[in-house]
Each structure stands twice: as structure tokens, then as C-alpha cells.
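Asker: Can you keep this structure in mind? I'll have questions shortly.
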Amino acid sequence: MLWRAKRFSWQNFYVRKGKVYDVFYSIGATMCIGTTIYLGTNIILVWNDSVHRTWLHYVRKERERADLIQLIREAREAGNLGPSSIEEFK
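Per my numbering, residue 53 is the first one in the sequence shown, and the count goes up by one each step.
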């Protein structure tokens with residue numbers, strides 16, 4: 053064991069330590085870049101899904117409003133519903 057201690061080279065130790073640190077740094081940098089790409093993609097997908105859900109909600113409400121207006125029109129034409137009081141509103 054003593055002969056290994058005598059042959060120990062601090063220069064080789066620092067070179068190997070530098071290589072290990074380089075590997076850790078490259079792994080860390082790759083993970084940061086990958087996380088950034090993942091989060092950016094996720095933000096875009098969530099935004100797109102939110103816009104789509106809002107659009108579907110708007111279309112459904114407009115369809116229900118058009119159906120209600122049609123029912124009111126048919127009821128007025130049949131005489132089941134009186135004239136609107138909003139027409140006299142100023």
C-alpha cells in the first residue's frame with residue numbers, strides 16, 4: 053500500500069477530477085436544456101388546449117342562444133308569447 057502512496061500523482065488526480073466535473077457539467081446542462089424545452093412545449097400545448105376549450109364554450113353558448121331566439125320567435129308567431137318590452141325601451 054505504501055508503494056501506491058509514493059506513486060500517487062496529484063497531476064493525474066486533478067486531470068481525472070476535471071474530467072469527472074466536465075461530465076457532471078454536461079449532464080447538468082443537458083438536463084437544463086431538456087427541462088426548458090419540455091416546459092416550453094407544455095406551455096404551448098396547455099395554451100392551445102385552453103383556447104380550444106374557450107372556443108367550444110363560445111360555440112355552444114351561441115348555439116343555445118340561437119335555439120332560444122328561434123323558440124321565442126316561434127312562440128310569438130303562434131301567439132303564445134306577447135311582444136317584448138325591450139322594443140319600447142329607449
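Where a beta carbon is used, it is the ideal one built from N, C-alpha and C, also for glycine.
With a CB to CB cut of under 8 Å and the five nearest residues on each side skipped, what residues in its chain are close to residue 85?
Answerer: none
Asker: Return the CA-CA distance between residue 105 and residue 77, expressed in angstroms with no decimal places.
Answerer: 42 Å
Asker: Ignore the nearest five residues each way along the sequence and tell me which others in residue 133's own chain have a CB closer than 7 Å to its CB.
Answerer: 124 and 127
Asker: Pull up the distance between the alpha-carbon of residue 68 and that of residue 91, whole angstroms please.
Answerer: Each residue's CA atom was taken as its position, placing residue 68 and residue 91 some 35 Å apart.
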